[in-house]
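Using the working numbering, the first residue of the sequence shown is number 3, and each one after it goes up by one. Glycine included, C-beta positions come from ideal geometry on N, C-alpha and C. Small disclaimer: the values here were computed from a predicted structure and weren't measured.
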Amino acid sequence: MSRPARDLLSVGIDVGTTTTQIVFSHLSIQDTARLGQTPRIQIDARSLRYQSPIHFTPLRSETEVDVEALARLLRQEYQAAGVTPDQVETGAVIITGETARADNADAILQALAHLAGEFVVTVAGPNVEAQIAGRGSGAAAYALDHYTQVTNVDIGGGTSNAAIFRLDEHLCSAALAAGGRQIEIERTSGLIRRIPPPGRAVIEALNLPLRVGAPADMPALTRFCEAMADLIVDLITGEVSALGRKLQLTPPLRGAAASTVIFLSGGVAAYYYDPVEIASLADVTLHDDVGPLLAQTLRRHPRLQGLPVKRPPQTMRATVLGAASQTVTLSGSTIWAEQALLPLRNLPVIRPHLTAEDLHAGRLAEAILYAMRRWDVEPGAGHVAIALDLPVQLDFTRLQAVAGGIVAYAAAHLPPGWPVILIIERDYAQSLGQTIKALRPDLPVVAIDQVGLGEGDFIDIGLPMLDGRVVPLSVKTLVFYR
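Right, dumping it as structure tokens:
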């Protein structure tokens, strides 16, 4: 028996190195789980209420957000949308690029406190940024709808981030310090204003006559953008050149050749699909950078012309719509938890891809680590929830093997006293928790079963109630255009 759908107003805020945008959306969410079980949130409907213009991110320095100016900007957009803070139930804040630092996240969260609602704040490293862009562009949904593999490449100001999706599942990501603002140029004077370190590396490798304070030379800018286009195409294909090794932020993509569709998103991609005529330096520097020229060189790149590039549903606005949330009460029979560990809040969910062959100690620990890297989570840097979608039923031998893999992962990668937090779709929480404790009595364990979660969800686990017989659980899911 399904529960009635619930409507809510959500907000998505994307704060990047170059730009910031805010989106308000109406969401209709349905809990499709059976009564008494943890929810499996399904977004029945989503509609845009308001989409802001794309603003330049207010910065105090290259890496520090001007939080007061950002808060003023967001308040103005709330007013423009005709939305008051008490109307917003949930929201998601994505902080990317050079601004993706913990101190920025803390300050931004404090600035958002007066805007009400339950906010999920994600400080996105290159892998998370690539995944969010791919889901925001529609690449993940396209892969599911067409039963295929899709590569999405988000080309921004400072970085290009690629992610591969197969049937809505995020397989891997890669990132490179190449983008439209690796050279900034004053449009009015034609003088070069700023060249970040990755841009300088390209200039030095090619021995180009480009320096801060000097007039921008069109032939040199063209050679610069051709070199960056080469690097971006290498990113798409999973190749790495000598120059690419200097600029790569992650290892290259794995399995890129299997993608049947390539999507490009981000500010540069908007000019790739809707080009502007470039007849002069003024045409290049529409945004005080080289984005339009980089788009032109990509469009003319012979290797990219040979790849199956399609236009995604979203290009410039490949970001998050907001967050859906649902809170339920779990019966004590579905959870193994040590009360001293609770409550736990805003735990990111990572989900290792498992086959039957992975259900032994070494491979399970390795799969968990790889899933953490996909979500830019460093072991021991913060608590995470590990969602285990077990591919087969667990007999005694397999139960022991899975427990051994969890113990091996914890022994190698968790600080002493840190809990391992497990979310299991099948009914194994009690037995798995008991087996882990038998193998390693000093390892704190929280295990919940009959829960369907996706990678990138967030959960809160509250304090036990009614003599420990029930525990409140809140599931928060990032929501995209499709």
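Below 7 Å CB to CB, which residues in the same chain sit around residue i once its five sequence neighbours on both sides are set aside?
i	result
glutamine 89	Leu11
serine 433	Leu401
arginine 196	Glu186, Val214
leucine 210	Ala222, Arg225, Phe226
glutamine 250	Leu178, Val242
valine 130	Thr124, Trp377, Asp378
threonine 59	Val17, Gly18, Thr19, Thr20, Thr21, Thr22, Val67, Thr101
Please report the distance separating the alpha-carbon of residue i from that of residue j.
i	j	result
arginine 271	leucine 455	As written in the sequence, residue 271 is alanine, which differs from the arginine given in the question. Spanning the two alpha carbons is a distance of roughly 32 Å.
aspartate 285	isoleucine 96	31 Å
valine 204	proline 304	20 Å
glycine 308	arginine 137	24 Å
arginine 202	proline 466	56 Å
alanine 440	leucine 349	26 Å
histidine 355	leucine 169	13 Å
valine 453	valine 477	10 Å
serine 175	proline 253	9 Å
arginine 428	alanine 358	15 Å
threonine 19	isoleucine 352	26 Å
histidine 415	isoleucine 280	52 Å
isoleucine 264	leucine 111	35 Å
alanine 260	leucine 300	21 Å
tryptophan 461	valine 278	Contrary to the premise, residue 461 reads as isoleucine rather than tryptophan in this sequence. So the alpha carbons of these two residues sit roughly 45 Å apart.
proline 381	proline 421	12 Å
alanine 71	phenylalanine 26	20 Å
glycine 159	arginine 183	4 Å
arginine 302	tyrosine 273	13 Å
threonine 21	arginine 62	14 Å
proline 393	leucine 344	29 Å
aspartate 276	glycine 293	13 Å
isoleucine 425	threonine 86	36 Å
proline 474	valine 235	48 Å
arginine 77	arginine 365	49 Å
Which same chain residues, not among the five before or five after residue i, have their C-beta less than 8 Å away from its C-beta?
i	result
glycine 419	Pro446
leucine 208	Arg225, Phe226, Ala229
isoleucine 238	Thr153, Val155, Ala164, Leu255, Ala258, Ile264, Leu306, Leu309
To which residues does DSSP link residue i through a beta bridge?
i	result
lysine 312	Phe265
valine 13	Phe26, Gly93
glutamine 151	Arg168
phenylalanine 58	Thr21
valine 394	None, per the DSSP bridge assignment.
phenylalanine 121	Gly93
valine 447	Val422
serine 433	For serine 433, which the question treats as bridged, DSSP gives no partner whatsoever.
glutamate 241	Bridge partners of glutamate 241: none, in fact.
Is it right to say residue i is buried, meaning 16 or more other beta carbons lie within 10 angstroms of its own, or is it exposed?
i	result
valine 155	buried
leucine 50	exposed
aspartate 9	exposed
glycine 215	exposed
alanine 165	buried
histidine 172	buried
glutamate 340	exposed
glutamine 395	exposed
glutamate 79	buried
phenylalanine 121	buried
serine 267	buried
alanine 342	exposed
arginine 247	exposed
glutamine 81	exposed
proline 200	buried
alanine 135	buried
aspartate 397	exposed
aspartate 188	Per the sequence shown, residue 188 should be read as glutamate rather than aspartate. Exposed.
glycine 99	buried
alanine 387	buried
aspartate 459	buried
To which residues of the same chain is residue i closer than 6 Å at the C-beta, ignoring the five residues directly before and after it?
i	result
leucine 2	The shown model of the chain, from 3 to 484, leaves out residue 2, and the question about it has no answer.
alanine 367	Gly407, Ala410, Tyr411
arginine 400	Leu361
leucine 245	Ala207
leucine 346	Ile463
tyrosine 372	none
isoleucine 423	Ala387, Val448
I believe residue i touches residue j by the beta-carbon criterion, under 8 Å. Please report the beta-carbon distance rounded to the nearest angstrom.
i	j	result
proline 128	asparagine 163	6 Å
leucine 283	glycine 181	So it is not a contact: roughly 19 Å between Cβ atoms.
phenylalanine 167	alanine 142	4 Å
isoleucine 450	isoleucine 337	5 Å
alanine 518	alanine 113	Residue 518 lies beyond the range of the chain shown here (3 to 484); nothing can be said about it.
alanine 231	leucine 288	The Cβ separation is near 18 Å, so there is no contact.
glycine 14	alanine 83	The pair is not a contact, with the Cβ atoms about 12 Å apart (cut-off 8 Å).
glutamine 133	threonine 262	Contact doesn't hold; Cβ gap of about 19 Å is too wide.
Is the shortest distance between the beta-carbon of residue i and the beta-carbons of chain B less than 8 Å?
i	result
proline 466	Absent here is chain B; the protein component of the structure consists of one chain.
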